[in-house]
Amino acid sequence: MRKRKVRGIARDTLQFIMEASRSSLPMEFAGLLQADKEIITEVLILPGTESSRMSALIRLYMLPNMQIVGSVHSHPSADLRPSQPDIQFFSRSGDYNLIVCPPFDESSWACYDAEGMRRELPILDVDFKDDMFDDAN
Ligand SMILES: [Zn+2]
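If you read the sequence shown in our numbering, its first letter stands for residue -9, the second for the next number, and so on.
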């Protein structure tokens, strides 16, 4: 398993996750988290359901330059506790695994390490839009 230090998650990225989770209802939303300069800024969306998540993960690991630090998925049931298959998946996906639930706001989520233990993950304000649109006009 890859160990990467992460300082937090970008607020925009967390908002994207919440939007995607809300629009996936009643299905769950799942993705892998990528970090840039120790901050989680990207979500790679995983197709399928809980049972197919592991095979999607393994396929993604075969791509080059994947800097995956963990995962995210939603629990439409509003229970933030990881299931047994979740914890198995976390042991492969990394040290920062988010579970989000309704009402999908900045307080309705939790982060777990590779063993399924709850951990802190700060929400950071990152101005990464500036870099992208500087030359737009
Ligand atoms: Zn789950």
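For each residue, glycine too, the CB sits at the ideal point set by N, CA and C.
Taking only heavy atoms of ligand 1 into account, decide whether any of them is closer than 7 Å to the Cβ of Asp76.
yes
Which of the three DSSP states is assigned to Met(-3) in this structure?
It is Arg, not Met, that sits at residue -3 in the sequence shown. Reduced to three states, the DSSP call for Arg(-3) is coil.
Does Leu15 pass the burial test, meaning 16 or more other C-beta atoms within 10 Å, or should it be called exposed?
exposed
Identify which residue in Leu114, Glu9, Glu18 and Arg1 has its Cα closest to the Cα of Ala76.
Just to set this straight, residue 76 is Asp in the shown sequence, not Ala. The option with the nearest alpha carbon to Asp76 is Glu18.
Excluding the five sequence neighbours on either side, which residues of its own chain have a C-beta within less than 7 Å of the C-beta of His63, listed in chain order?
Glu18, Phe19, Ala20 and Ile89
With which residues is Ser61 paired in a DSSP beta bridge?
Leu22 and Asn87
Quick one: what does DSSP say Glu9 is sitting in, helix, strand or coil?
helix
Rank Ser11, Leu4, Leu47 and Arg(-3) by C-alpha distance to the C-alpha of Ser133 and give the top, closest one.
The displayed coordinates of the chain run from -9 to 127. Any statement about residue 133 would go beyond what the structure contains.
CA-CA distance, Arg(-3) and Ile58?
14 Å
Is it true that the CB of Leu111 sits closer than 8 Å to the CB of Tyr86?
yes
Can we count Pro72 as close to ligand 1, meaning its CB is less than 7 Å from some heavy atom?
yes
Where does Arg43 fall in DSSP's three states?
helix
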